[in-house]
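**Q** Mind having a look at this structure? Questions to follow.
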Amino acid sequence: MIRATAARAGVQLLDVDTHSQANGACERDVLSTLLLDDDLHLSPLGQEFYFELAAPTLRAEIAIVLDADPPSIVMRVAFLGCKPVAEACFELVLATPTLEVAAVATNVDAGAAWWGSAAITDMATRAGIPVLDNAERQTDELLEIVRSRSVDVLLSVQHPWILPPVVLDSVRGRAFNVHNAPLPDLKGFNSANHAILLGLSEFAATVHWMTDEPDAAIVAFEDRFPIRPDETAVSLHGRAAKAAVAAFGRLIDCLATGTPVPREERPGEGTFFARSSLDDARAIPDPSDLD
-3 MIRATAARAG VQLLDVDTHS QANGACERDV LSTLLLDDDL HLSPLGQEFY FELAAPTLRA
57 EIAIVLDADP PSIVMRVAFL GCKPVAEACF ELVLATPTLE VAAVATNVDA GAAWWGSAAI
117 TDMATRAGIP VLDNAERQTD ELLEIVRSRS VDVLLSVQHP WILPPVVLDS VRGRAFNVHN
177 APLPDLKGFN SANHAILLGL SEFAATVHWM TDEPDAAIVA FEDRFPIRPD ETAVSLHGRA
237 AKAAVAAFGR LIDCLATGTP VPREERPGEG TFFARSSLDD ARAIPDPSDL D
């Protein structure tokens, strides 16, 4: 058993019990420093993490116990989002003491937003978090922040930027997006409308791993629910928004405790609906064209 204090690059070992593979006899050994893989994240909440240290004639099972007080930062994140769902999700991030927000990309002009809010900008400014205005794509600026602040994870919630591979690679693929629809069935835009037009019986909100393919069906979390007989696009969108925040909350629970995030690659191409996919349905026919 080891009582240890953890840092990003390593763990200082205070005591080690080891067992010889050769004869099964117990030995006492003291190791000064054990370097850990940079991808390993440890919980600051008193959880024990077991792994094996192998040597030619020595094998040790080690339990790392981290101090429960005070909580330390497990993940440094960059948050990209706008609209009411993203605002609710950002509140969850700010309320999680083991997550540090390095920067946000969001709308800064409430008057230009159809939802009439720049709440993420306001919350970030009060917290002293740098804000990138997403009115224009600022990929280079985001990449600089990720690299200079050693960002671990990118979180995207209803954000208009499609991130290029260089940005995703900068966090070693640890980037997640919230999509207000089931994947891979309904990709792109206007998902609630198309779900009703297609006569689907179920709907979902999805948190998925991001790739250079929009709405890739590599699912981390999903909140699925039945579509009611009297459902409208407005009511379905509202229910999906609540489901999206719930699914995002499960992601935050994983990141906050250093728990591995699920990764389920789902088969099938699904259908991608463009932003303009409802334009014909919205058009009012010329009366002279009607029978």
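Read in order, the letters of the sequence shown correspond to residues -3 to 287 in this note's numbering. Glycine is no exception: its CB is placed at the ideal position from the N, C-alpha and C atoms. Bear in mind the structure is a predicted one, so any value in this text is a computation, not a measurement.
Does the Cβ-Cβ distance between Phe199 and Pro178 come in under 8 Å?
**A** Yes.
**Q** List the residues that DSSP assigns as beta-bridge partners of Leu95.
**A** Its beta-bridge partners are Met71.
**Q** Rounded to a whole number of angstroms, what is the C-alpha to C-alpha distance between Arg271 and Pro156?
**A** Going by the C-alpha atoms only, they are around 12 Å apart.
**Q** Rounded to the nearest angstrom, what separates Phe185 and Ser273 at their Cα positions?
**A** Spanning the two alpha carbons is a distance of roughly 8 Å.
**Q** Enumerate, from N- to C-terminal direction, the unbroken beta strand (DSSP E) stretches of 3 or more residues contained entirely within the region 103 to 153.
**A** Runs found: 127 to 129, 149 to 153.
**Q** With distances taken Cα to Cα, identify the nearest neighbour of Leu193 among Leu95, Thr102, Thr228, Gln154.
**A** Answer by Cα proximity: Thr228.
**Q** If I measure Cβ to Cβ from Ala99 and keep anything under 6 Å in the same chain, skipping five residues before and after, which residues do I get?
**A** Correct list, in chain order: Ala74, Pro126, Ile141.
**Q** Using 8 Å as the cut-off, can you tell me whether the region 261 to 271 makes contact with the region 199 to 215, which would need three or more C-beta pairs spanning the two stretches below that distance?
**A** Verdict: yes, contact present.
**Q** My output table needs one value for Pro292: the three-state DSSP class, helix, strand or coil.
**A** What the structure shows of the chain is the stretch from -3 to 287, and residue 292 is not part of that stretch, so it cannot be assessed.
**Q** Could you tell me how far apart the beta carbons of Val174 and Val203 are, in whole angstroms, since I believe they sit closer than 8 Å?
**A** Going by Cβ atoms, the distance from Val174 to Val203 rounds to 6 Å, so yes, they are a contact pair.
**Q** Please state the DSSP three-state secondary structure of Leu342.
**A** As displayed, the chain neither begins before -3 nor continues past 287, which places residue 342 out of reach and without an answer.
**Q** From which residue to which residue does the alpha helix (DSSP H) around Ala188 run?
**A** 187 to 193 is the extent of the alpha helix (DSSP H) around Ala188.
**Q** State buried or exposed for Arg220, treating a residue as buried only when at least 16 other CB atoms are found within 10 Å of its CB.
**A** Exposed.
**Q** Does the beta-carbon of Pro256 have 16 or more other beta-carbons within 10 angstroms, so that it is buried, or is it exposed?
**A** Pro256 comes out exposed.
**Q** Who are the Cβ neighbours of Lys79 in its own chain at under 6 Å, not counting the five residues just before and after it?
**A** These residues qualify, in order along the chain: Trp111, Gln154.
**Q** Excluding the five sequence neighbours on either side, which residues of its own chain have a C-beta within less than 7 Å of the C-beta of Ser197, listed in chain order?
**A** So the list reads Pro222, Ile223, once near-sequence residues are dropped.
**Q** From the DSSP secondary-structure annotation, give me the bridge partner or partners of Arg220.
**A** Paired residue(s): Ala200.
**Q** Let me check understanding here. Comparing Cα to Cα, which of Ala252, Ser152, Leu151 lies closest to Leu95?
**A** Minimum Cα distance to Leu95 is reached at Ala252.
**Q** With DSSP as the reference, identify every bridge partner of Trp205, one or two as the case may be.
**A** DSSP, once it has assigned bridges, lists Phe172 as partnering Trp205.
**Q** What does the Cβ neighbour count give for Val230, buried or exposed, with the cut at 16 atoms within 10 Å?
**A** It is exposed - the Cβ of Val230 has fewer than 16 other Cβ atoms within 10 Å.
**Q** For Ser288 and Ala171, which I take to be in contact (beta-carbon distance under 8 Å), what is that distance rounded to the nearest angstrom?
**A** Residue 288 lies beyond the stretch modelled for the chain, which goes from -3 to 287, so this question has no answer here.
**Q** If you draw a straight line from the C-alpha of Arg143 to the C-alpha of Ala243, how long is it?
**A** Their Cα atoms are separated by approximately 28 Å.
**Q** Cβ atoms of Arg235 and Phe217: under 8 Å apart, would you say?
**A** Not in contact: Phe217 and Arg235 (Cβ atoms no closer than 8 Å).
**Q** In the DSSP assignment, the beta strand (DSSP E) including Leu182 goes from what residue to what residue?
**A** 182 to 184 is the extent of the beta strand (DSSP E) around Leu182.
**Q** Expressed to the nearest angstrom, what Euclidean distance is found between the alpha-carbon atoms of Leu76 and Ile116?
**A** Answer to the nearest angstrom: the Cα atoms are 10 Å apart.
**Q** Using 8 Å for Cβ pairs, my map puts Leu138 next to Leu128. What's the rounded Cβ distance?
**A** Confirmed, Cβ separation roughly 6 Å.
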